[in-house]
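Have a look at the structure below before the remarks.
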Amino acid sequence: MNTQRGFTLIELMIVVAIIAILAAIAISQYQDYVIRAQVAEGSSLADGIKTAVGEFQNNYGRFANGTNKSYGLSDAPSIQGSYVVSVGVGSGGIITAHYSATDKKANKVIDGQALVFSPITHAGSIEWVCNKSSTALKDKWVPTVCRH
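Dropping the structure here:
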């Protein structure tokens, strides 16, 4: 009597289907991870500027007139990274990090988006409130401090 060896076609098709489902989930999660990493760059670049804005406010008791130069920083387009096209300070010490997929290698989803860091003074200290420029930046992509 001959014994059957190996897998049947249906068993192989089931294995291929399971692998395809797992791959689809993994690719989706990886894309989210990549976008999160790109968005985090804006927060990192803003951290250095927060220090300059904080020092100015501590020394003069107010925020400067709203330009990078007022805080002793390079112009906004000079402060950039791999995915961030510019980081600038506006009136009231508000810091904005702009993303660009056109000029940079950023994901198309964050093209034209920005993270906005607004200072709130409390008895000599500054609390930074982070906001997204639009709802196009999903909460799962922004740093934890920017999720509201």
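With this note's numbering applied, the sequence shown closes on residue 715, and no number is skipped along the way.
In this text, a Cβ means the ideal position worked out from N, Cα and C, and glycines have one as well.
Boundaries of the alpha helix (DSSP H) harbouring residue 618: 576 to 627, taken from the DSSP string. Around the beta-carbon of residue 663, 16 or more other beta-carbon atoms lie within 10 Å, marking it buried. A direct Cα-to-Cα measurement between residue 602 and residue 674 gives close to 7 Å. Between the alpha carbons of residue 692 and residue 590 lies a gap of roughly 48 Å. Under the three-state reduction of DSSP, residue 686 is assigned to strand. Put simply, the backbone Cα of residue 636 is about 6 Å away from that of residue 642.
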